Amino acid sequence: MSESAGTYSFREIEAKWQKHWLETKTFHTPNPGEPGFDPARPKFYVLDMFPYPSGVGLHVGHPLGYIATDIYARFKRMRGYNVLHPMGYDAFGLPAEQYAVEHGVPPRETTEKNIANMRAQMQRLGLGYDWDREIATTDVEYYRWTQWIFLQLYNSWYDPEADAARPIAELISHLENERYLVDFNGQLVPVGQSVTTQSWFGGSPAGTQRWTELSPEQRRAVIDNQRLAYLDEVPVNWCPALGTVLANEEVTNEGRSERGNYPVYRRPLRQWMLRITRYADRLERDLEAVDWPEPIKLMQRNWIGRSEGAEVDFAVADSEEVIRVFTTRPDTLFGATYMVLAPEHELVPTLTTDAQRAEVERYVEVARNRSDLERTAETREKTGVFTGAYAINPVNNERIPIWVADYVLTGYGTGAIMAVPAHDTRDFEFARKFHLPIRQVVQPPEGVDWRGYVGDGIAVNSGEFDGLPTPEFKKRITAWLEEQGIGKARVNYKLRDWLFSRQRYWGEPFPIVHDVKTGEVFPLDERELPVVLPQIDDFRPRASEDPDVPPAPPLGRAREWVHVRGYVDEHGSVRLLSPDEVPPSGAAVREFRRELNTMPQWAGSCWYYLRYLDPRNEDAFVDTAIEHYWMTSRKADGTVHAGGVDLYVGGAEHAVLHLLYARFWHKVLFDLGYVSTPEPFGRLFNQGYIQAYAFQDARGIYVDVRDAQETEDGRFIRKSTGEPLTRTLGKMGKSLKNAVSPDEIGEEYGTDTLRVYEMYMGPLEASKPWSTRDIVGMSRFLNAVWRRFVAEDGTLRVTNDAPDEGLRRLLHKTIKRVTVDMENLRFNTAIAALIQFNNSLKVDRVPRELAAAFLKLLAPIAPHLAEELWQRLLGADWKRSIAFEDWPTYDEALAVDLEVEIPVQINGKLRSRIHLPADAAADQDQMREAALANARIRQELSGMTVRKVICVPGRLVNIVATA
RNA sequence: GGCGGUGUAGGCAAACUGGUAAAGCCGCUCGAUUCAAGAUCGAGUGCGUGUGGGUUCGAAUCCCACCGCCGCCA
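What follows is the structure, given as structure tokens:
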């Protein structure tokens, strides 16, 4: 395609500079101590959420954030910072594996091809990443350290006294020193200072044991119970047809797999879990220390779901058993008229009477296959069965029936509730359906029905507590429960431990082995890392129709890889031995089977921002000094910021999971002394989505946008058939058939135009519709810039003459606007300022002073064009990229207009305008005087009495007058 | 249902802590260029901030209610 008349050769120029940047490593950032590193400059770390390298490549929605961070990184570099701006790939994951299953192509091949494609696309966008720091989570040298971090998790526990993760070795030493005893459930019981000094005449407190009294198996169980990574039987979404567990978001509302539409069963499976719940409190608290959008913080808080309440023990009538419940409303205890156990609750089989057993068992069987979402949906009709057993309400000794119902979940609280139908929506519905008693215990405000009232009020029917307001009652009853030894204040979280294993091939293998004989689990020694993902040729997990067939992950096919021999060293870690190798003396050779599960896709993205700092380090996941340099930020007041990455940009779809998981890992690494800050991301910015019109035919099938057309009367038709279409606005992507490729746009208008357009569309955080038609405006702008500098014969239209006063003032105003806008990521208004400046630059020859400053302002946004013009502007003096030039500064005195127009209102209505010199317009007395002296105003005011004159310096005068 | 966000010319948008609403881009109109169309260049073009109420000298901005759209959690 040839260039149209009046346009510059963007293709040539863009190719030239992209080549130059790569060849000269323009955007390589040296680490401290490396050649070219300037310690005098402050650091700035700009990070993008790295992409999954998909086969279809990028559409124009993807690079929105990348363009923004690229501009910001270039801006910060020109402002004198050492800027770190890396890119990589979150390359493990299901699509490559599915492709492998369907086409037999190894996931590594597909992934590498996709990465190459995506890298090329990003380079064509002119993104100035430090490509020397590029990483992929699938690189062996990367996931080696993901495995290493897993080992840190496995070998750590959460020390409640230190309120931090600590090595397991410390816990063992605490147990040996009897700072902790162990109760009958294997839980730690701290021994207070006062108790230890009292000497243990009477032996251990009731029901507890000392470490020395435990068998090796018991010790092991106690320790495993504390590890941050542990194996547990948990109910998971098991899809036998796919042979894998699925994340909740991979299961449809109908309880089938998103992919393939196979049935999904709820089933307890032994899985790796990460004890993120121990961090719930800190994850919530530290949100205060980071500069994140409030809605995102709120979403994280909601997800963590902290609630304060009380734990209360209900005795079971005619039994020794006790049912423990958590309630946020201990003040409604007198209104508890029945109890509900989750179907999975361990007491269900014990409590159920023979008469009810058949019915309960049937119910439990059905309920356990329902997803949590399904079970708790408010719209759903409540179900449940009576167990035949009764509990005793501890506040009034009433016998209340115990039911089983699936609206109570086992993972939340204790898996049992006291039901207060009068003041809880779900209990209310349930009680009405099953005709259970509903007793009012809260008096709502005047005129509100007490039935189903869940707000605060005044206690009634609550014995001695009558008349107390809800908050006061909560405190009093909690204290009372503690006195009685049947309850205590407790904080509960909605957050659950993190299900960390998948029965898939394309993920990080666990650095874990199982003793073939005993089944014991051992971590590998660090020196055995990496555990390299073996090559196999069939990537399918074993699928089945039968939900009870155990999972058989694809890694099981790598027989030689699975079976290893080795010995357990003095730290409890396993060293492997080659077939003919002998262990050090004293060590017994054991046969092991490797862990067959792999880690979920989230694992690699939990710490990638740390690896960028020191991506080729073979001795550590990151060098301590390098980590400290790049991750330590200071706030304006000089204090150290809680978060290390100075700007993290990505979509709001990661508001909860990725950001929570990464924060969790970061905190563990912080506790263990491996990183300098308690939080990973100091400032977070969510870019909006690029939406696009999508077209559907009469059957609702999406039609490719390129096949849709608007008719003259504003309807939409399908070009190929003429049938009518309906238009909707949605997120750009494959499924709506409305994706536009950046390559297409770059080819037609140039990359700089695409960049400027994407930034000009609207505020970065807003979602806005793509409109290919509008791009031409930005193309015209850049071409106009070109023509402003380059005459048709190719000579430079620049003069060494000084600019006139007006243009110089306009320049300083523009520098100010652009600088402030850039700092605040308001690129749309920065571009508007540049357009305005260029439009005002109606001179035959551009004064060099203006030209140089303007090109620098333009450089971050349209870097190719700016580089080319900069090189031409400097001619023989050109030495290096404009990226290293200093950002222009402005003179505040020159950034204001000499004369200001001030509107004059009478009673809020515009009546006249006055022109004042800048200093007079800033002075209220002079403004008032000038306004009242204005001929038009005097005329308007005749016959009126001036009551008040409001003068806003530099803005307006409003005269309040009455007739 | 709850929480959060958002609503400004035909479309996208701007408007700093309440102070001239609409900068800028698209579109549209006219002109130049062209055999012509497109592209390009130049000039022009929009009577009022979703609806209703309130606070204020003054509201796109703050408050209340309602409506529409988007997101998250149920």
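In the working numbering, the protein residues as written are 1 to 963. In this text, a Cβ means the ideal position worked out from N, Cα and C, and glycines have one as well. Quick caveat: nothing in here was measured; it's all calculated off a predicted structure.
Legend entry - Segments assigned alpha helix (DSSP H), at least 4 residues, entirely inside the region 254-324: Qualifying alpha helix (DSSP H) stretches, in chain order: 280-285, 294-304.
Inset, instruction - For my contact list, LEU341 and VAL404 are in at a C-beta cut-off of 8 Å; report their separation, rounded to the angstrom. - result: Here the question's residue 341 lines up with position 341 in the first sequence. Here the question's residue 404 lines up with position 404 in the first sequence. Contact check for LEU341 and VAL404: beta-carbon distance about 5 Å, within the 8 Å limit, so the pair qualifies.
Inset, instruction - Kindly indicate the opening and closing residues of the beta strand (DSSP E) around ASP515. - result: Sequence index remark: in the first sequence, residue 515 carries index 515 (1-based). Run containing ASP515: 512-515, per the beta strand (DSSP E) assignment.
Inset, instruction - May I have the straight-line CA-CA distance separating GLY203 from PRO551, to the nearest angstrom? - result: Position 203 of the first sequence, counted from the start, is the residue given in the question as residue 203. Position 551 of the first sequence, counted from the start, is the residue given in the question as residue 551. Note that GLY203 has pLDDT 45, beneath the 50 cutoff, so the model's placement of it is unreliable and the number below is only indicative. Take the alpha-carbon of GLY203 and the one of PRO551: they are about 46 Å apart.
Inset, instruction - Provide the residue(s) that pair with CYS239 in DSSP beta bridges, ordered along the chain. - result: Working through the first sequence from its first residue, we reach residue 239 at position 239. DSSP output for CYS239 lists THR244 as bridge partner(s).
Legend entry - Cut-off 7 Å between Cβ atoms - residues of its own chain near LEU660, not counting five sequence neighbours on either side: Position 660 of the first sequence holds residue 660. Excluding sequence neighbours, LEU660 sits near LEU283, GLN300, TRP303.
Legend entry - PHE695 - partner residues in DSSP beta bridges: Within the first sequence, the letter at position 695 stands for residue 695. Beta-bridge pairing links PHE695 to VAL703, ARG727.
Legend entry - Coarse secondary structure for PHE27, derived from DSSP in three states: Along the first sequence, read from residue 1 onward, the residue named residue 27 stands at position 27. DSSP places PHE27 in coil when its eight states are reduced to three.
Inset, instruction - Assign HIS864 to buried or exposed, taking buried as 16 or more other Cβ atoms, counted over all protein chains shown, within 10 Å of its Cβ. - result: Indexing the first sequence from 1 puts residue 864 at position 864. With 16 or more Cβ atoms within 10 Å of its Cβ, HIS864 is classed as buried.
Legend entry - Residue closest to VAL785, alpha-carbon to alpha-carbon, out of LEU764, ASP752, ILE815: As a working note, residue 785 is residue 785 in the first sequence. Residue ASP752 is the option with its Cα nearest to VAL785.
Inset, instruction - Using the Cα positions of PRO615 and SER578, report the straight-line distance between them to the nearest angstrom. - result: Numbered from 1 along the first sequence, position 615 holds the residue referred to as residue 615. Numbered from 1 along the first sequence, position 578 holds the residue referred to as residue 578. Straight-line Cα distance between these residues: approximately 30 Å.
Legend entry - Collapsed DSSP secondary structure at VAL195 in the structure displayed: Start at 1 with the first residue of the first sequence, and residue 195 comes out as number 195. At VAL195 the pLDDT is 42, less than 50, meaning the model places this residue with poor confidence; the figure from the coordinates comes in the next sentence. VAL195 falls in the helix class under three-state DSSP.
Inset, instruction - Determine the extent of the beta strand (DSSP E) in which GLU679 is found, giving its start and end residues. - result: By one-based count along the first sequence, residue 679 stands at place 679. Per DSSP, GLU679 belongs to the beta strand (DSSP E) from 679-681.
Inset, instruction - At 4 residues or longer, and completely inside the region 604-635: list those alpha helix (DSSP H) runs for me, N to C. - result: Residue ranges of uninterrupted alpha helix (DSSP H) with 4 or more members, entirely inside the region 604-635 and ordered along the chain, are 608-611, 624-631.
Inset, instruction - Alpha carbon to alpha carbon, how far is VAL531 from GLY604? Give it in angstroms, no decimals. - result: Counting from one through the first sequence, the residue named residue 604 turns up at place 604. Counting from one through the first sequence, the residue named residue 531 turns up at place 531. Distance between the alpha carbons of GLY604 and VAL531 is about 15 Å.
Inset, instruction - State the CB to CB distance for the pair VAL360 and VAL348, rounded to an integer number of angstroms; the pair is presumed to be in contact (CB under 8 Å). - result: Numbered from 1 along the first sequence, position 360 holds the residue referred to as residue 360. Numbered from 1 along the first sequence, position 348 holds the residue referred to as residue 348. About 7 Å separates the beta carbon of VAL360 from that of VAL348, a gap short enough to meet the 8 Å contact definition.
Legend entry - Burial state of GLY943 (16 or more Cβ within 10 Å): The residue labelled residue 943 in the question sits at position 943 within the first sequence. It is exposed - the Cβ of GLY943 has fewer than 16 other Cβ atoms within 10 Å.
Legend entry - ALA162 - DSSP class collapsed to helix/strand/coil: In the first sequence, counting from the first residue as 1, residue 162 sits at position 162. ALA162 carries a coil assignment under DSSP once its states are collapsed to helix, strand and coil.
Legend entry - Nonlocal neighbours in the same chain, by C-beta distance under 6 Å from GLU830, ignoring five residues either side: Here residue 830 refers to the residue found at position 830 when the first sequence is read from its first residue. A quick correction: the sequence has Ala, not Glu, at residue 830. Here the set comprises VAL818, ASP821, MET822.
Legend entry - Buried or exposed by the 16-neighbour rule on C-beta atoms within 10 Å, applied to GLN271: Walking along the first sequence from the start, residue 271 turns up at place 271. Sixteen is the threshold: when 16 or more other Cβ atoms of the shown chains lie within 10 Å of the Cβ of GLN271, as they do, the residue is buried.
Inset, instruction - Check whether the region 515-528 touches the region 351-358, taking contact to mean three or more Cβ pairs, one atom from each stretch, closer than 8 Å. - result: No, because fewer than three Cβ pairs between the region 515-528 and the region 351-358 fall closer than 8 Å, the two stretches do not touch.
Legend entry - Contacting residues, own chain, Cβ-Cβ under 8 Å from LEU481 (five flanking each side not counted): The sequence position of residue 481 within the first sequence is 481, counting from 1. ALA310, VAL312, PRO330, PRO394, GLY487, LYS488, listed in sequence order.
Legend entry - Whole-angstrom distance between ILE512 and TYR567, CA atom to CA atom: The residue you call residue 567 lines up with position 567 of the first sequence. The residue you call residue 512 lines up with position 512 of the first sequence. One C-alpha to the other measures close to 13 Å.
Inset, instruction - Determine, using beta carbons only, whether THR110 and ALA120 come nearer to each other than 8 Å. - result: Start at 1 with the first residue of the first sequence, and residue 110 comes out as number 110. Start at 1 with the first residue of the first sequence, and residue 120 comes out as number 120. Contact flag unset, no.
Legend entry - Start-to-end residues for the alpha helix (DSSP H) that takes in GLU591: To locate residue 591, count along the first sequence from 1; it is residue 591. First-last for GLU591: 590-594, but that is the beta strand (DSSP E), not the alpha helix (DSSP H).
Legend entry - Per-residue DSSP class, three states only, for GLY958: The residue labelled residue 958 in the question sits at position 958 within the first sequence. Sequence check: residue 958 is Asn here, not Gly. ASN958: strand per DSSP, three-state reduction.
Legend entry - Delimiting residues of the alpha helix (DSSP H) encompassing PRO421: The residue given as residue 421 occupies position 421 in the first sequence. Element bounds for PRO421: n/a, residue is neither H nor E.
Legend entry - For GLU508, the residue or residues it bridges with in DSSP: The residue labelled residue 508 in the question sits at position 508 within the first sequence. In the DSSP output, where bridge partners are listed per residue, GLU508 has none listed.
Inset, instruction - Give the DSSP-derived three-state secondary structure of GLY203 in the structure shown. - result: For the purposes of this step, residue 203 is taken as the residue at position 203 of the first sequence. With a pLDDT of 45 at GLY203, under the threshold of 50, the modelled position of this residue cannot be trusted; read the value that follows with caution. Residue state, collapsed to three classes: coil.
Legend entry - alpha helix (DSSP H) segments (min. 4 residues) lying fully within the region 424-501: List check, alpha helix (DSSP H) in window: 425-434, 470-484.
Inset, instruction - Put HIS59 into one of helix, strand or coil per three-state DSSP. - result: Walking along the first sequence from the start, residue 59 turns up at place 59. Here HIS59 carries a coil assignment [DSSP, helix/strand/coil].
Inset, instruction - Tell me HIS563's beta-bridge partners as DSSP assigns them. - result: Here the question's residue 563 lines up with position 563 in the first sequence. In the DSSP assignment, HIS563 is bridged to ARG593.
Legend entry - Sufficient close CB pairs (3 or more, under 8 Å) joining the region 760-771 to the region 32-40: These segments do not touch.
Inset, instruction - Would you tell me roughly how many angstroms separate the C-alpha atoms of VAL622 and SER156, rounded to the nearest one? - result: Here the question's residue 622 lines up with position 622 in the first sequence. Here the question's residue 156 lines up with position 156 in the first sequence. Approximately 20 Å, taken between the alpha carbons.
Inset, instruction - Could you check which residue in MET273, PRO584, VAL245 has the C-alpha nearest to that of ALA229? - result: Counting from 1 along the first sequence, the entry for residue 229 is found at position 229. For ALA229, the closest C-alpha among the options MET273, PRO584, VAL245 is that of MET273.
Inset, instruction - Take THR799 and list the residues in its own chain whose beta-carbon comes closer than 8 Å to its own, dropping the five residues that flank it on each side. - result: Translated into positions along the first sequence, residue 799 becomes position 799. Within the same chain, THR799 has close Cβ partners ARG845, VAL846, PRO847, ARG848.
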